[in-house]
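Residue numbers (my numbering): 44 to 435.
Just so you know, even glycine gets a beta-carbon here, dropped at the ideal spot from N, CA and C.
Scroll down for the structure; my scribbles are underneath it.
As structure tokens, then:
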């Protein structure tokens, strides 16, 4: 067993890794024990890598017959106590939304990697298009919150996957890693920390000591206790007599219909009340910036270069980067853009999903300029051009 656990971690050092592989290794370092998936370009390398690596660490990788079976298998694995995840692309995500909303209701911890490709429909399957941003925000029927990360490098695919699993254990809502066809396939140097450092960062799935011997009774329905429930583990004493995706109290006991609003409030506010903890952002040269770039994912990389070029020309511009895309950090954005001359939002989609969120929280007299790209990357000159036009 010790040898199996030892293989969970790579030897510390620098590795040249494909993005999809870096994400998979981040999941293994987090304690991943079950992967259920179906091959789909451009995410296929994830299941290929885990098909080899998960058995080495005492885990299980299952190629299911389709995406519906994949997400249901992941939900079942999590219910019996395993850290679980799946990976797919846009068409597969579309098929999984029904089960995602059910998992959100039951508050089952799991992680979902969406390696986005061009759409709608089949699209061009080997090129990027951040067109699933809106779909992940509303990934199913009903009201519930999600957490979505937008890495911009292979290193972050490794690191943010660990964060994603920790958030799954903490907040128990759907957790998305938003990769894409380019990021999933590029090869970059990834620094793997020592095992001891990784373990300090990882939140394990455990049965709390204070629940040992607990008895779940329908008398609990009279108290209507509503807190974030601990994850159920089927086959232990820490499991209610009925796991039901209807309004329920913290022990999984069905609640009366009149308490549905209260149930929804707790489900949603557990994320909104913790947005300052959940929302990860970065700032670059914002101290004196008059023009603000707000971006996420791969476009941030071109934005850095564009800002450096603009600064050499005396233009005061900086970047506010969204690492956590959902929930959208509206209060942080309001503070950053207050008094700005203009806001530029480069996105790898045409409609500007995040630009619309920025517009929603920005004063009407501040222009929000979209710089769209589909199926190709931004060049720094694309963003520099937008900077120079508003700086005139």
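TODO: Can you tell me the Cβ-Cβ gap for residue 248 and residue 126, rounded? I've got them flagged as a contact below 8 angstroms.
DONE: Their Cβ separation, rounded to whole angstroms, is 6 angstroms, which keeps residue 248 and residue 126 in contact under 8 angstroms.
Task: Residue range of the unbroken alpha helix (DSSP H) whose run includes residue 69 - done: Per DSSP, the unbroken alpha helix (DSSP H) holding residue 69 starts and ends at 62-73.
TODO: Would you check if the distance between the CB atom of residue 7 and the CB atom of residue 148 is smaller than 8 angstroms?
DONE: Missing from the structure shown is residue 7; the chain here goes from 44 to 435 and no further.
Open item on the list: Any beta carbon of chain C sitting closer than 8 angstroms to that of residue 63?
Closed with: In the displayed structure, chain C is absent; only one protein chain is listed.
Open item on the list: Residues in the same chain with beta-carbon distance under 8 angstroms from residue 307, minus the five sequence neighbours each way, listed in chain order, please.
Closed with: Non-local beta-carbon contacts of residue 307 in its own chain, meaning distances under 8 angstroms to residues more than five positions away in sequence, involve 186 and 290 in chain order.
Open item on the list: Under 8 angstroms: do the stretch 88-95 and the stretch 103-111 share three or more Cβ pairs, one atom per stretch?
Closed with: Yes, the stretch 88-95 touches the stretch 103-111.
- [ ] Reducing DSSP to helix, strand and coil, say where residue 148 ends up.
- [x] In the structure shown, residue 148 adopts helical secondary structure according to DSSP, grouped into three states.
- [ ] Kindly provide the ranges of any alpha helix (DSSP H) runs that are 4 or more residues long and lie completely inside the stretch 73-142, ordered along the chain.
- [x] Counting whole runs of 4 or more residues, the stretch 73-142 contains the alpha helix (DSSP H) stretches 87-99 and 110-122.
Task: Extent of the continuous beta strand (DSSP E) to which residue 177 belongs - done: Counting along the chain, residue 177 sits inside no beta strand (DSSP E); it lies in the alpha helix (DSSP H) bounded by residues 176-180.
Task: Boundaries of the alpha helix (DSSP H) in which residue 346 is found, first to last residue - done: It spans 342-355 - the alpha helix (DSSP H) in which residue 346 sits, taken as one unbroken run.
Open item on the list: Can you give me the C-alpha to C-alpha distance between residue 116 and residue 360, rounded to a whole angstrom?
Closed with: Taking the straight line joining both Cα atoms gives about 47 angstroms.
Open item on the list: So for residue 222, helix, strand or coil by DSSP?
Closed with: In the structure shown, the three-state DSSP call for residue 222 is strand.
- [ ] Count the C-beta pairs between the stretch 78-92 and the stretch 126-142 that are closer than 8 angstroms, then say yes if the count reaches three, no if not.
- [x] A contact is defined here as three or more CB-CB pairs under 8 angstroms, and the stretch 78-92 meets this definition with respect to the stretch 126-142.
Task: Closest by C-alpha distance to residue 80, when choosing among 74, 73 and 89 - done: When only C-alpha atoms are compared, the closest one is 89.
Open item on the list: Less than 8 angstroms between the beta carbons of residue 118 and residue 155, yes or no?
Closed with: Result no, Cβ atoms of residue 118 and residue 155 do not sit closer than 8 angstroms.
Task: Span separating the alpha-carbon of residue 216 from that of residue 423 - done: Straight-line Cα distance between these residues: approximately 36 angstroms.
Open item on the list: Among the candidates 368, 76, 151 and 55, whose CA atom is the shortest distance from the CA of residue 195?
Closed with: Taking residue 195 as reference, the option from 368, 76, 151 and 55 with the minimal CA-CA separation is 368.
Open item on the list: Rounded to whole angstroms, what is the Cα-Cα separation between residue 264 and residue 183?
Closed with: Annotation note: pLDDT 34 at residue 264 (below 50); position unreliable, coordinate value reported separately. Using only the alpha carbons, I get a separation of about 27 angstroms.
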